[in-house]
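Counting with the numbering used here, you get residues 107 to 784 for the letters of the sequence shown. One structure is given below, encoded as structure tokens.
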Amino acid sequence: MVLWVLLVSLPLHAQVTPPLPPPTRLAEVVVTPSRFGVTDTATPAAASLTAAELEVLPQVGDDLFRSIARLPGLASDDISARFWVRGAPHGQLLARLDGVDLIEPFHLKDVGGALSIVDPATIRRLDLSTGGFSAEFGDRLAGVLTMETKTTAQARTALNLSLTGLGAMNQGLFDGRRGRWLVSARRGYPDVALKFAGRDDEVSPRYYDLMGKVEYDLTPRHTVSLHALRAGDGLRYKRNSNSPTLTSSYDSDTVWGRWLADWDGGVRSETVASWAQLHWRRDGGGRLDGFPFSLSDHRSLAQFAMRQEWTAQVSDVAILRGGVEARDGDARYDYALRQQRTAVVNGVQTVATETENARLRPGGTAMGAFIDAKFQPLPALVVQPGVRFDRHDYTRDREWSPRLNAALALGRGTLRAAWGGYTQAQGLHELSVADGERTFSRAERAEQRVLSFEHPLGRGASLRAEAYERTGTRVRPRWENLDNAYDLFPEAQTDRVRLAPNGSRARGVELLLASRGRTDLRWHVSYTLAQTEERVAGRWVPRQRDQRHAFYADTIYAPNARWEFSAAWHFHSGWPTTDVVYSLAPLNNGRRLLVSTNGPIYGLRLPDYHRLDLRATRRITIGRSDLRVFVDVFNAYDRKNFLGYDHRVTVVGAQVTEVKKAREQLPLLPSLGLNWEF
107 MVLWVLLVSL PLHAQVTPPL PPPTRLAEVV VTPSRFGVTD TATPAAASLT
157 AAELEVLPQV GDDLFRSIAR LPGLASDDIS ARFWVRGAPH GQLLARLDGV
207 DLIEPFHLKD VGGALSIVDP ATIRRLDLST GGFSAEFGDR LAGVLTMETK
257 TTAQARTALN LSLTGLGAMN QGLFDGRRGR WLVSARRGYP DVALKFAGRD
307 DEVSPRYYDL MGKVEYDLTP RHTVSLHALR AGDGLRYKRN SNSPTLTSSY
357 DSDTVWGRWL ADWDGGVRSE TVASWAQLHW RRDGGGRLDG FPFSLSDHRS
407 LAQFAMRQEW TAQVSDVAIL RGGVEARDGD ARYDYALRQQ RTAVVNGVQT
457 VATETENARL RPGGTAMGAF IDAKFQPLPA LVVQPGVRFD RHDYTRDREW
507 SPRLNAALAL GRGTLRAAWG GYTQAQGLHE LSVADGERTF SRAERAEQRV
557 LSFEHPLGRG ASLRAEAYER TGTRVRPRWE NLDNAYDLFP EAQTDRVRLA
607 PNGSRARGVE LLLASRGRTD LRWHVSYTLA QTEERVAGRW VPRQRDQRHA
657 FYADTIYAPN ARWEFSAAWH FHSGWPTTDV VYSLAPLNNG RRLLVSTNGP
707 IYGLRLPDYH RLDLRATRRI TIGRSDLRVF VDVFNAYDRK NFLGYDHRVT
757 VVGAQVTEVK KAREQLPLLP SLGLNWEF
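Written out as structure tokens, the structure is:
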């Protein structure tokens, strides 16, 4: 648990787009609802957030994806940086950095991806769509996250130090400001902290990431850039003689080039070519529940991809867009698992040996194409119809996805609506070989409907209300650990089951209210009423992160230019979990054996979650440099939030007694750090 105390959480807000601009600025009109983000400059939108505001909100570390998890419609816990999007797991979110799609962008995958590999200090602009996104984005069911790194106008260096890691970033110019560079490096040291705490004999995690970008203006209207992102991490675990040891390592490398062009006649284009390679290694051995256990799990993925998109301003009231993308990849699976467990067969206690072996080399190509148009038939109305086609040869999928977005100005307010079909194919690296999966499933399908209304309230305040529904008509079967999703050997646990839903649905209402008009006091609140469930074995059951009610609020108070104080409070209804039922199985020899089975799937609810975070920031100017020192308190009133239950069972005669003990999330955690930019 000490490892989790070292992990981070960083709140963020929603950026809601302003009402419709004049017809001559059609390109700036946003017709997509469910859109959030962070920008460099302040906007008059409903709940916008600047990067400067983000810096002073409560946080105990430096992780971008954890910051996003506070947005309406998202669900996350204190352990993982992965968040759920309106009831859909993070795997159904497209993450794109400087034009390239990221694959598994997380550190410490053995614990569900505890941290993301993207350094937030490098990000200039961020946009998150939690539903109703247009046809330019494909092969994802739930949402899209796009990130753009900083483009500097002057040479700057920044150093970051906190309890979780050390980071550095440098920006510069060359060739008379026609060229620019950006490099960053981070080293997390939970392994060092655990060593000082005397716990490194049990678990020793480590991680690092490096990012670099060089961009050059060939002409004032044509910019080319070269990017590279590398991430690596590993974990060593050894608890006791009855638990297997684990040694794991994960490495990813992505290199890509980008060309942004502004042609004559109001035509713009983006071209991206990328290469990515990922390696995963997990090796375990020893004894599990008193029986011999061995695991060897080695996987890799290599992928080349290209994407090109064009935008043409046909007239003041019409824009035409289109694009194509293609991917070619090869994966490798070398997997071997051997374990034993007790079983009762015909009244006789036996020891069953279970093995799983796989040696696969799948590969294949995928392509996608889209076309859409944004036009303004009336001064107050903008419509964006579009259609997308996706093909994956290794799954034999050929999918068409029509979509329609619209925005209507109603006085000072804006009404937005979206409808569309969405598909997502199984990735080459996503076969669950540990559970016997050897062939790829058909692409999943979903239909989304979103209705949103935004209205300014005056004095810097604004309101947004949104309703959504997403229905899944082809849901891919999957394996889940119903009781404990964070076991280091999930494939070896008895709570692991195959779920094969024949339908899914997620629906909800989100309300956002913010006041950013004053410079000394700013605040934001949001509330979500939602439900997400699937039809399994003829009945509707909640999904793993279903939360009926969710509420978030924060405030920033700046009495002067030197000090800023902030607070954030988060609440959501208890998540579903699955109970474990214990009983005594009679044997032929007259004895009884304690056995366990899973209760109804997600038929038990955890207590409600709530937490208060506090932060104080002091800014110091030293010559031309800026020093920012902060003190943070995570979970200020030390709320004991549950992640699940451990079970203590005693047997007296024929009586079985069970006591549930909570598996807790992060406790009260004070933190401090500094950022020096010069």
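Each residue gets a CB set at the ideal place from its N, CA and C atoms; glycine is no exception.
How is the alpha helix (DSSP H) around residue i delimited, first residue to last?
{"i": "phenylalanine 171", "result": "170-174"}
For residue i, report the span of its beta strand (DSSP E) as first-last.
{"i": "lysine 746", "result": "That residue, lysine 746, is in no beta strand (DSSP E); it is neither H nor E in DSSP."}
{"i": "histidine 535", "result": "Element bounds for histidine 535: n/a, residue is neither H nor E."}
{"i": "alanine 274", "result": "271-280"}
{"i": "isoleucine 662", "result": "655-663"}
{"i": "arginine 518", "result": "It is not in any beta strand (DSSP E) - arginine 518 carries neither H nor E in the DSSP assignment."}
{"i": "alanine 337", "result": "328-343"}
{"i": "arginine 668", "result": "Note, arginine 668: premise wrong, no beta strand (DSSP E); not H, not E."}
{"i": "histidine 196", "result": "Per DSSP, histidine 196 belongs to no beta strand (DSSP E) and is neither H nor E."}
{"i": "glutamate 550", "result": "550-564"}
{"i": "isoleucine 62", "result": "This structure cannot settle anything about residue 62, because the visible part of the chain is limited to 107 through 784."}
{"i": "lysine 256", "result": "Note, lysine 256: premise wrong, no beta strand (DSSP E); not H, not E."}
{"i": "proline 692", "result": "686-692"}
{"i": "glutamine 761", "result": "761-770"}
{"i": "aspartate 738", "result": "731-740"}
{"i": "threonine 459", "result": "454-466"}
{"i": "serine 777", "result": "775-783"}
{"i": "aspartate 496", "result": "487-498"}
When DSSP builds the beta bridges, which residues end up paired with residue i?
{"i": "aspartate 389", "result": "Thr353 and Ser402"}
{"i": "lysine 480", "result": "Ile425"}
{"i": "phenylalanine 397", "result": "Leu394"}
{"i": "tryptophan 365", "result": "Val330 and Thr377"}
{"i": "alanine 643", "result": "DSSP output for alanine 643 lists no bridge partner at all."}
{"i": "serine 290", "result": "Met275 and Met317"}
{"i": "glutamine 530", "result": "Glu550"}
{"i": "glutamine 637", "result": "Arg613"}
{"i": "isoleucine 229", "result": "Thr255"}
{"i": "arginine 570", "result": "Glu560 and Leu618"}
{"i": "leucine 265", "result": "Ala274 and Trp782"}
{"i": "asparagine 587", "result": "Arg602"}
Would you mind giving the Cβ-Cβ distance between residue i and residue j, rounded to the nearest angstrom? I have them listed as a contact below 8 Å.
{"i": "threonine 471", "j": "aspartate 499", "result": "5 Å"}
{"i": "leucine 180", "j": "valine 162", "result": "Contact flag wrong, Cβ pair sits at about 21 Å."}
{"i": "glycine 517", "j": "arginine 565", "result": "That pair is no contact at about 18 Å."}
{"i": "alanine 337", "j": "serine 358", "result": "5 Å"}
{"i": "aspartate 225", "j": "aspartate 315", "result": "7 Å"}
{"i": "leucine 690", "j": "valine 450", "result": "The pair is not a contact, with the Cβ atoms about 10 Å apart (cut-off 8 Å)."}
{"i": "leucine 569", "j": "leucine 563", "result": "6 Å"}
Please say whether residue j and residue i have beta carbons closer to each other than 9 Å?
{"i": "glutamate 560", "j": "alanine 567", "result": "no"}
{"i": "tyrosine 441", "j": "histidine 385", "result": "no"}
{"i": "glycine 614", "j": "alanine 573", "result": "yes"}
{"i": "serine 507", "j": "glycine 526", "result": "yes"}
{"i": "aspartate 478", "j": "glycine 469", "result": "no"}
{"i": "arginine 649", "j": "proline 692", "result": "no"}
{"i": "leucine 203", "j": "glycine 143", "result": "no"}
{"i": "alanine 432", "j": "glycine 474", "result": "yes"}
{"i": "aspartate 714", "j": "serine 679", "result": "yes"}
{"i": "alanine 540", "j": "glutamate 597", "result": "yes"}
{"i": "leucine 484", "j": "alanine 513", "result": "no"}
{"i": "aspartate 169", "j": "leucine 208", "result": "no"}
{"i": "tyrosine 343", "j": "arginine 387", "result": "no"}
{"i": "alanine 437", "j": "leucine 521", "result": "no"}
{"i": "arginine 494", "j": "arginine 509", "result": "yes"}
{"i": "alanine 620", "j": "arginine 176", "result": "no"}
{"i": "serine 370", "j": "histidine 328", "result": "Sequence inspection shows aspartate at residue 370; the serine mentioned does not correspond to that position. Result no, Cβ atoms of aspartate 370 and histidine 328 do not sit closer than 9 Å."}
{"i": "valine 457", "j": "arginine 444", "result": "no"}
{"i": "asparagine 781", "j": "leucine 269", "result": "no"}
{"i": "arginine 576", "j": "alanine 612", "result": "yes"}
{"i": "tyrosine 439", "j": "leucine 466", "result": "yes"}
{"i": "leucine 588", "j": "aspartate 216", "result": "no"}
{"i": "arginine 293", "j": "glycine 273", "result": "yes"}
Taking 8 Å as the cut-off, is the CB of residue i close to at least one heavy atom of the ligand FAD?
{"i": "glutamate 560", "result": "Looking for the ligand FAD in the displayed structure turns up nothing, as the structure carries no ligands at all."}
Review point. Counting Cβ pairs closer than 8 Å, one from the segment 273-292 and one from the segment 309-322, do we hit at least three?
Key: yes
Review point. Are the segment 624-642 and the segment 717-728 touching, with three or more C-beta to C-beta distances below 8 Å?
Key: no
Review point. Taking one C-beta from the segment 542-552 and one from the segment 213-233 each time, how about it: are there three or more such pairs within less than 8 Å?
Key: no
Check your understanding: Between the segment 238-257 and the segment 182-189, do three or more beta carbon pairs fall short of 8 Å?
Key -> no
Point to revise | contact_flag[the segment 398-412, the segment 605-612] where n(CB pairs < 8 Å) is 3 or more | key: no
Review point. Are the segment 767-778 and the segment 735-749 touching, with three or more C-beta to C-beta distances below 8 Å?
Key: yes
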